[in-house]
Structures are given as structure tokens and as C-alpha cells.
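Note that the sequence shown covers residues 35 to 293 in the numbering used here.
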Amino acid sequence: MTISTTAYKKKAAKGGVKIWAIAFWLIVWQLSAMAVKQEILLVSPVSMLERWFELILEIDFWERVAFSSFRIFEGLILGVALGSAFGILASRFIFIKDLMTPLISVIRAIPVASFIILALAWVSEKSLSAFISFMICFPVFYTNVLNGAKSVDKSLIEMARVFRLNPIKRFRYIFVPAVFPYLKTAFNVSVGLAWKSGTAAELITVPNGSIGELLHQAKIFLETADNLAWAFTIILLSLAFEFACRLALSVIERLLKGR
35 MTISTTAYKK
45 KAAKGGVKIW
55 AIAFWLIVWQ
65 LSAMAVKQEI
75 LLVSPVSMLE
85 RWFELILEID
95 FWERVAFSSF
105 RIFEGLILGV
115 ALGSAFGILA
125 SRFIFIKDLM
135 TPLISVIRAI
145 PVASFIILAL
155 AWVSEKSLSA
165 FISFMICFPV
175 FYTNVLNGAK
185 SVDKSLIEMA
195 RVFRLNPIKR
205 FRYIFVPAVF
215 PYLKTAFNVS
225 VGLAWKSGTA
235 AELITVPNGS
245 IGELLHQAKI
255 FLETADNLAW
265 AFTIILLSLA
275 FEFACRLALS
285 VIERLLKGR
């Protein structure tokens, strides 16, 4: 009994979603739907999956997935690039850090819905999801890269100066190993936030050809199965984005380390 408990604790420490936990909540969902007996209020997971398989056979489904994915990915990449760049600059120049601090605080404090309404005055409906995803991801990458840069061992920097390492080698062998764990954390947090905020922007502005447009229609016509099927699609897309980002980061890290 002690061995099995220890083994389970080791597996649990590695993290990840457990199959038995997913099965448990699916059973709870199914039993709840059977108890309610009103599909307008709550459809069963079986009904949701049946509707989802119907949707994925339609060309319109994939067109909407491509539309929303491209814009949210665009916002995420822009958040990575500018957030990381300003994080690096803020770690080097104190006046940039002082300049960015109130802006980051304001972005974090403003509710996403308010941000979407305010941004409508500046950005078109079709580009709004990209802009909102960027604004949500930017502070995450800025803060994590800044913290990662601060964690660089000062003795290593001093050693690099003594041995006269050029800036490229300093960046590759000192800065990157210190910042990469923070960058991975930023991606883990940001991908889900990008999809949540991006689809929320689409749901409010209802741009033609987006996932948010059909979510809005499902809400109006009380099509609960469609609503949950699209929510399930968003979850799958978010997980796929997260997996792709982890894979890309692993490849980049190996290349930088010369493996």
C-alpha cells in the first residue's frame, strides 16, 4: 500500500490531467443532464459530442476555426514579441521599467469586457480579437521576461566580462537559460488567456465568419448543444496552441544550447 501511494504521489507531482478525473466529471455532467431533463438548460456530453461531430463535417466550421485561430495567434505572437522586448529593455534601463509600470498595472486592472468596448473605437471588428489577445498577453510576457532577466546570476555576468565574451554568447549562454523557464510559464498562462479574451471579443462584436458569431447565435436561439460544441472546440484549439508552443520552445532551446 505504501509503494502504490508513493508511486501515485510521484505521478501526481508531474502534473497533467488525469484520465480518471476527466471521466469523473463527465459522469457528473451526464447524471446532471439526466436529472435536469431539459436540453435547453443542460445537454448531456453525448448530445454535445454528437453535435460537434456534425459541425466538423461542415466547411463553414473549418473556415471559422481558421478565421479565429489566425487572429488570436497574431495577437499572441505580437504579445510575445513586444512583451519580451520591453521586458529585456526594462531589465537594462530603469527609466523604461518606471515608464512601463503604470501602463502594465492599468492593463491588468481593466476588465476584459471594458477593454473590448473601449478598443472598438480604435480597431475594426475583424481585428479586435487579435488586439485584445495582444493586450492580455503583453503584460504576462513583459513581467515574466523582466523577472527572468533579474534572476541572471551576477557572478556569471562578471565572469563573462573577465573572459570578454561577446554580447551574442552572453545572450545565448547566460541570459537565455535564465529567462527560458519564465518564458515557458508565460506561454502556459497566455495561450488560454488569449483564447478566452479573443473569443470574448468576437462574442461581443460578432464579426462575420468568426467562432464568436456562432456562439452569439447559439445564445440567442438557445442552442445549448451548439454553444457547448463550440466551447469544446475552443478548448481543443487552446490545448493544440499550447502544445505547439511548448514544442517550438523545446526546439528553440535545444538549438540555442547547441544540441
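Just so you know, even glycine gets a beta-carbon here, dropped at the ideal spot from N, CA and C. Fair warning: this is a prediction, and the values are worked out from it, not measured in the lab.
>> Contact defined as beta carbons within less than 8 Å: I believe L283 pairs with L217. What is the distance between those atoms, to the nearest angstrom?
In response: Sure, about 7 Å apart at Cβ, within 8 Å.
> What are the uninterrupted segments assigned as alpha helix (DSSP H) that are 4 or more residues long and contained completely in the segment 191 to 260, given in chain order?
Replying inline: The segment 191 to 260 contains these whole alpha helix (DSSP H) runs: 201 to 204, 210 to 239 and 245 to 254.
> Straight-line CA distance for L65 to L75?
Replying inline: A direct Cα-to-Cα measurement between L65 and L75 gives close to 14 Å.
> Where do the ends of the alpha helix (DSSP H) carrying Q64 lie?
Replying inline: That run of the alpha helix (DSSP H) goes I53 to V70.
> With respect to the alpha helix (DSSP H) encompassing F87, which residues constitute its N-terminal and C-terminal limits?
Replying inline: Segment P79 to L89, the alpha helix (DSSP H) holding F87.
> In whole angstroms, what separates the C-alpha of E88 from that of L123?
Replying inline: Looking at the backbone, the Cα of E88 and that of L123 are separated by about 49 Å.
> Under the three-state reduction of DSSP, which class applies to V186: helix, strand or coil?
Replying inline: DSSP places V186 in the coil class of the three-state scheme, outside both helix and strand.
> Ends of the alpha helix (DSSP H) at P136?
Replying inline: Where P136 is concerned, the enclosing alpha helix (DSSP H) stretches over I128 to A143.
>> Our contact map puts A220 next to L110 with C-beta atoms below 8 Å; I'd like the distance itself, whole angstroms only.
In response: Between L110 and A220 the Cβ distance is about 11 Å, and since that is not below 8 Å, they are no contact.
> Considering only residues of the same chain and omitting the five flanking positions on each side of F6, which have a CB-CB separation below 7 Å?
Replying inline: With the chain covering 35 to 293 only, the question about residue 6 has no answer from this structure.
> Can you round the beta-carbon distance between L262 and L249 to whole angstroms, since I take them to be within the 8 Å contact cut?
Replying inline: Not really, about 10 Å apart at Cβ, beyond 8 Å.
> Closest by CA to E84, which one among S118, T258 and L271?
Replying inline: Answer by Cα proximity: T258.
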